[in-house]
DNA sequence: CATGCTTACGGATCACGTAACCATG
DNA sequence: CATGGTTACGTGATCCGTAAGCATG
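Chains as they are written, first to last, in the numbering used here: chain A, 289 to 374; chain B, 289 to 374.
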């Protein structure tokens, strides 16, 4: 698991599609697809349903998204903490 | 910032030295030194004092360690959540 | 045939380990 | 000279983008 993968699943969820997540992340589609695949492989769980028009989180996906957002928020707080009181 | 870097600083803090952190992480010393350097560079903050006999967290380092442990704990919970109720 | 996800592949970057170097007690 | 951190350097792994493939409306 990597922080990039977490940002990726959050972007896919919020944009509803890999193409648009890719734009947000300043990437092309393939790396976005691959980041998601690698994460799903590692966790052994499918996080998104592949629909004809985009991506929809599974139940496990929704649970994981909540964790992902918490982790990314904690990372942001860590950065701000050090930036502030240096 | 990467999760590997966070595990690295926690290991250095708990072991008190890069050599022993390396053993815990199943690495040699140089990558451990480099992970720490890269993180300190990115954050623009020194996290450890280099003592003759090992490493000692700075004030910023101690603050950061608390964040690092929180993040790694959240990662662990995310994993367990998906592993449990699959 | 337009949209969107995925696979193949080549090339650049990253990150490791070995080896050598430096500092301190 | 033993212990511990760092730097140099070569190599294997990782990760991107381009291109091509595949499925659905």
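Each residue gets a CB set at the ideal place from its N, CA and C atoms; glycine is no exception.
Excluding the 5 residues flanking residue i on each side, which residues of the same chain have their C-beta closer than 8 angstroms to its C-beta?
i             : result
residue 360/A : 291, 294, 295, 298
residue 363/A : 291
residue 324/B : 293, 296, 297, 300, 306, 335, 336
Is there a Cβ from chain B that is less than 8 angstroms from the Cβ of residue i?
i             : result
residue 329/A : no
residue 289/A : yes
residue 359/A : yes
residue 352/A : yes
residue 314/A : no
residue 320/A : no
residue 305/A : no
Go through its chain and collect everything with a Cβ distance to residue i's Cβ below 7 angstroms, but skip five positions before and after it.
i             : result
residue 321/B : 306
residue 312/B : 299, 303
residue 289/A : 327, 330
residue 357/B : 298
residue 310/A : 316, 317, 320
For residue i, which residues in the same chain have their Cβ closer than 6 angstroms to its Cβ, ignoring the five residues on either side in sequence?
i             : result
residue 336/A : 343, 345, 349
residue 333/A : 348
residue 301/A : 345, 353
Answer yes or no: does any C-beta atom of chain A fall closer than 8 angstroms to that of residue i?
i             : result
residue 370/B : yes
residue 348/B : yes
residue 297/B : no
residue 301/B : no
From the options, pick the residue whose C-alpha is nearest to that of residue i; which is it?
i             : options                    : result
residue 370/A : 355/B, 371/B, 372/B        : 355/B
residue 353/B : 352/A, 353/A, 365/A, 351/A : 365/A
residue 351/B : 339/A, 309/A, 341/A, 372/A : 372/A
Given 7 angstroms as the limit, tell me if residue i has its C-beta closer than that to any heavy atom belonging to the ligand FMN.
i             : result
residue 362/A : With respect to the ligand FMN, the structure shown offers nothing to examine, as it has no ligands at all.
Practice item. Starting from the N-terminal side, write out each stretch of the beta strand (DSSP E) that is 3 residues or longer and does not extend beyond the segment 320-359 of chain A. Key: If we require 3 residues or more, the beta strand (DSSP E) runs fully inside the segment 320-359 of chain A come out as 336-339, 342-345.
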